[in-house]
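Trainee: Protein chains in written order, with our numbering: chain A, 1 to 224; chain B, 1001 to 1553.
Cβ atoms here follow ideal geometry from the backbone N, Cα and C, with glycine treated the same way.
Treat the numbers as computed from the prediction; the structure is a model and nothing was measured.
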Amino acid sequence: MGGHVQSSMGQDLDERPRRRLEPAVVLRWLVFPAAVLALIFGVLLYLDGRLDDGTADDRFGIVELPSLKNPTGRAPASEIGRAGPDFLLETPQGGTLRLSDFQGRPVVLNFFASWCRPCRREMPEFVAAYSRYRAQGLVIVGVDMQEPAKKVLKFADDFGIRFPLAIDRDGEVGDAWRLGGPIQGLPSTYFIDATGVIRDRFYGPLTEEFLEKRLAQILPEEPG
Amino acid sequence: MARAETAHSWPRAVRTADLFVWLWRLLASAQLAVALTGFLALAGLLAVVFPQIPFPMRDSPVAVDAWLEAQKGKFGPFTEPMHRVGLFSVVETWWLLAGLGLLAVSVCVYTADRFLDIWRNVTKPRELAPDSFFDRAANRLALATPADGAAGLEAALRQRRFQVRSFARGEVTYLFADRFAWAQLGTFVSHLALVLFLAGGLISQVDGYTNALLIGEGTASPIFPVSHPEQIQVEVVDAVGTFDEQGVPTDYRSELVLYQGGREVKRGFVTVNQPLSYDGYRFHQAGYLGEGAALRVRDVASGNTIYSEALALEELVPAPSIVVRDSEGTVLLDDVIAPTDFVGEASGTLVSVPGSGRQFWVGVTQDADEKWNLVVYEPGAGDARLALPAGASRTADGLEWTFVEATGLPSLVVDGLPGDDPQSLVVLSETPGGAPYLTVLGAVDARALTLYPNQPVRIDDKEYLFEGRREFAGIEVRRDPGANFIWVAAGLLLAGLLMSFYVPRLRLWARIRSDETVVAGPAERSGAFQSEAKRLMRELGVTESEREGARDG
Chain A
1 MGGHVQSSMG QDLDERPRRR LEPAVVLRWL VFPAAVLALI FGVLLYLDGR LDDGTADDRF
61 GIVELPSLKN PTGRAPASEI GRAGPDFLLE TPQGGTLRLS DFQGRPVVLN FFASWCRPCR
121 REMPEFVAAY SRYRAQGLVI VGVDMQEPAK KVLKFADDFG IRFPLAIDRD GEVGDAWRLG
181 GPIQGLPSTY FIDATGVIRD RFYGPLTEEF LEKRLAQILP EEPG
Chain B
1001 MARAETAHSW PRAVRTADLF VWLWRLLASA QLAVALTGFL ALAGLLAVVF PQIPFPMRDS
1061 PVAVDAWLEA QKGKFGPFTE PMHRVGLFSV VETWWLLAGL GLLAVSVCVY TADRFLDIWR
1121 NVTKPRELAP DSFFDRAANR LALATPADGA AGLEAALRQR RFQVRSFARG EVTYLFADRF
1181 AWAQLGTFVS HLALVLFLAG GLISQVDGYT NALLIGEGTA SPIFPVSHPE QIQVEVVDAV
1241 GTFDEQGVPT DYRSELVLYQ GGREVKRGFV TVNQPLSYDG YRFHQAGYLG EGAALRVRDV
1301 ASGNTIYSEA LALEELVPAP SIVVRDSEGT VLLDDVIAPT DFVGEASGTL VSVPGSGRQF
1361 WVGVTQDADE KWNLVVYEPG AGDARLALPA GASRTADGLE WTFVEATGLP SLVVDGLPGD
1421 DPQSLVVLSE TPGGAPYLTV LGAVDARALT LYPNQPVRID DKEYLFEGRR EFAGIEVRRD
1481 PGANFIWVAA GLLLAGLLMS FYVPRLRLWA RIRSDETVVA GPAERSGAFQ SEAKRLMREL
1541 GVTESEREGA RDG
């Protein structure tokens, strides 16, 4: 005898599930399993900690460059001949530093980190250059990438850094300045003239010779 | 025109619907799932039987070519075709990924196709069966009605953990008994587990992250490229390696501090088996290098640091281990000689032999057979040289020289160390008393600089300082977002299998007349119905009806 028995009312008592052929009906029942799966995925991803928000302070990062401080008439960009993207960052001492505040003076903008070996290698050159050209109005701004203030202060103390430092805590400024170009890297240095326009840039550790050559592009000519 | 288009488009719509239904049926079929599972098992077998290209090599075509060349000795002319179809990298082949994807889709469709019916079957079963079912059911048993009629059978079923419902129709009583109906959902639990396994693997592949770092004590390293918004820096506060008497490592342990957004976010110890976890990332101790040195150079005038590095001395320079005795056999020198310069092919240094008042240049060189030989000569004593192989002793001019072995001293070629040469060789050695010292070659022209811990040496306008040994920790950073999925999937699979195979679910219908009781069950061949029916008969103290025995469907 077969296992497929029809009742007098025509109903099937076989426990085996019947196939529903209508796609529309079947699709309806996709919603429930999909919702269950979505719920489970959501919980698991939440547990994975991916939904945590960052620790960055919204006050700091890239800020709008006032149009009066942009002589190029073009949007700021980390390109030669353009005004550099302006930023407001925290200093390791707890103050703030805004790049455009230095307009009117030649600026060397150096992105570094204490863990970066080439950065350590070139830092004495910046310290020496600052000592040599400070009287001519040169400003060197060092932007540390995402390190704690105490580490930056120790680094500054070790290397005798006297020029202004700031910390890019969430990497937003570094990202906007496209550090290292397409390969992304430290150190990266930008040479900005007194009008706020980028005149040159260098990816990698600078030697004294290379630094002098680039400083000549932004420093005021000596009288006589 | 318009009518003709309509006439053409209608059959096309029907064909599309038919195709969809056909595809749906195909994906919902258990046969396809079994075939895919078999295919994946075969793929796994191939990955075990055939050697697989090591993962670190796979990004380098040159390394892959070299690996394939080595396989030609085993697979001959088949090597290239086998590589082309992916037999040497099975887990990365499109056909394996397609099989996995198809299996995931098949499981989802299978589940969607059957879920509602089974859910209804569990929650709203048909409780009253028609008489024709009791006459023709695949599993049925006719037995003598117990003395206490339906009440006796109902009580016996309840005792057997069935939920029972009773329906009276005139002289006849019908029972519906259901036990552990929810266990039917076990198959969906198992299928959900399978989907989660595949999803976990996919998520790990797409969103997983691994990075290996070698970090010296007191230094930090970022785990991502520069300016990554989730950047985390790992600082190794302390790295410890413990070894047994034979020098075999017994444990590696490091104290780590994690920084994010310029703030300390976690601190803790890691070992090989106990990682530190933060924000979904796990920091494992994956290695250890005990031979490191912290070297600092200052500008004397300003006091500023102009060089500061923790150097991982991962290379070795050959150095002879020697013993020198006087004519009475007294040991005058027992040391490993760190090289400071070269004479011909030999690397060595000038050594004062205590108690003799004499100086010798002692070094090692390799012969044509790549065996090490000790070379000794006394400056100012003509061309007289002593040369002896490892393990040998020889006496010359009142001193007995023993070349114990050629050993290797931790070293590193360093770029950018302030000094005369752009490159310097830094060698870490120990005094016979075990105190470390650093030999720096190249920083000062024609002179080897020997630095003892925390004893600065001033050369011209620079001060060189060996700050001490530094150990390095090999830290592996991992983020495996699929891991949670795998754990949950493993639990669900276990639960699903238990529900499906170990929970004794059964559904019975009974028709009780005064002279005969028929118990019937659904079509299944597991034997559960037969054994349950027999147990019931025993408990009720009845036998099979003489008019009609049990039949299997």
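#1: For chain A, is any of its Cβ atoms less than 8 Å away from the one on residue 1228 (chain B)?
#2: Name the residue from A:212, A:78, A:148 whose alpha carbon lies nearest to the alpha carbon of residue 190 (chain A).
#3: What is the DSSP secondary structure of residue 1035 (chain B), counted as helix, strand or coil?
#4: Just to confirm the assignment: which complete beta strand (DSSP E) runs, minimum length 3, are found wholly within the segment 1215–1284 of chain B?
#5: Do residue 230 (chain A) and residue 169 (chain A) have their C-beta atoms closer together than 8 Å?
#6: Taking the C-alpha atoms as reference points, what is the distance between residue 118 (chain A) and residue 1411 (chain B)?
#7: Taking only beta carbons into account, state which residues of the segment 1253–1270 of chain B come closer than 9 Å to chain A, listed in chain order.
#8: What's the gap between the Cα of residue 1492 (chain B) and the Cα of residue 1504 (chain B)?
#9: Run through DSSP, which three-state label would residue 51 (chain A) get?
#10: Determine the DSSP secondary structure at residue 1053 (chain B), reduced to helix, strand or coil.
#11: Is residue 1109 (chain B) near residue 1024 (chain B), with beta carbons less than 8 Å apart?
#12: What is the residue span of the beta strand (DSSP E) that residue 1373 (chain B) lies within?
#13: When DSSP labels each residue in this structure, what does residue 1484 (chain B) get in the three-state scheme?
#14: Looking at the unbroken alpha helix (DSSP H) that takes in residue 1105 (chain B), where does it start and where does it end?
#15: For the candidate residues B:1354, B:1406, B:1463, whose alpha-carbon lies nearest to that of residue 1370 (chain B)?
#16: With a threshold of 8 Å between beta-carbons, can residue 53 (chain A) be considered close to chain B, or not?
#17: Name the chain A residues whose beta carbon is nearer than 8 Å to that of residue 1309 (chain B)?
#18: Would you mind stating whether residue 141 (chain A) and residue 62 (chain A) have Cβ atoms separated by less than 8 Å?
#19: Please list the terminal residues of the continuous alpha helix (DSSP H) segment that includes residue 190 (chain A).
#20: Could you give the DSSP three-state label for residue 24 (chain A): helix, strand or coil?
#21: Do the CB positions of residue 200 (chain A) and residue 80 (chain A) come within less than 8 Å of each other?
#22: Give me the residue from B:1404, B:1524, B:1034, B:1451 with the minimum Cα distance to residue 1191 (chain B).
#23: How is residue 1452 (chain B) classed by DSSP in three states: helix, strand or coil?
#24: In this structure, does DSSP put residue 1136 (chain B) in helix, strand or coil?
#25: Check each residue of the segment 1202–1221 of chain B: if its Cβ is closer than 8 Å to any Cβ of chain A, include it; give the result in chain order.
#26: Closest to residue 37 (chain A) by C-alpha separation, out of B:1126, B:1216, B:1112, B:1094, would be which residue?
#27: Taking 8 Å as the threshold, find out whether the segment 1335–1343 of chain B comes into contact with the segment 1435–1450 of chain B through three or more Cβ pairs.
#28: Taking buried to mean at least 16 other C-beta atoms within 10 Å of its own C-beta, is residue 1502 (chain B) buried or exposed?
#29: Show which residues of chain B have a CB atom less than 9 Å away from the CB atom of residue 141 (chain A).
#30: Who does residue 1366 (chain B) pair with in a DSSP beta bridge?
#31: What does residue 1233 (chain B) touch in chain A if you count any residue whose Cβ is under 8 Å from its own?
#32: Rank B:1372, B:1238, B:1096 by C-alpha distance to the C-alpha of residue 1219 (chain B) and give the top, closest one.
#33: Could you tell me if residue 1533 (chain B) is buried or exposed, where buried requires 16 or more neighbouring beta carbons within 10 angstroms of its beta carbon?
#34: With 16 other CB atoms within 10 Å as the buried threshold, where does residue 1078 (chain B) fall?
#35: Once the 5 residues before and after residue 43 (chain A) are set aside, which same chain residues still bring their CB inside 6 Å of it?
#36: Given this structure, state the Cα-to-Cα distance separating residue 1434 (chain B) from residue 1054 (chain B), to the nearest angstrom.
Mentor: Walking through what the data contain:
#1: yes
#2: A:78
#3: helix
#4: 1219–1222, 1232–1243, 1249–1260, 1263–1271, 1276–1278
#5: It is not possible to answer for residue 230 (chain A), since the shown part of chain A is limited to 1 through 224.
#6: 20 Å
#7: 1259, 1260, 1261, 1262, 1263, 1264, 1265
#8: 19 Å
#9: Caution applies to residue 51 (chain A), whose pLDDT of 47 falls short of 50 and renders its modelled position unreliable; the model cannot decide the point.
#10: coil
#11: yes
#12: 1372–1377
#13: helix
#14: 1094–1123
#15: B:1406
#16: Unreliable positioning characterises residue 53 (chain A) in this predicted model, as indicated by a pLDDT of 46, which lies under 50. The coordinate reading is nonetheless provided below. Not an interface residue.
#17: 117, 120
#18: no
#19: Careful: residue 190 (chain A) lies outside any alpha helix (DSSP H), inside the beta strand (DSSP E) at 188–192.
#20: At residue 24 (chain A), the pLDDT of 48 sits below 50, so the modelled position is not reliable and the matter cannot be decided from this model.
#21: yes
#22: B:1034
#23: coil
#24: helix
#25: 1219, 1220, 1221
#26: B:1112
#27: yes
#28: exposed
#29: Neighbours of residue 141 (chain A) on chain B: none; closest Cβ ~16 Å, over 9 Å.
#30: B:1372
#31: 115, 146, 147
#32: B:1238
#33: buried
#34: exposed
#35: none
#36: 41 Å
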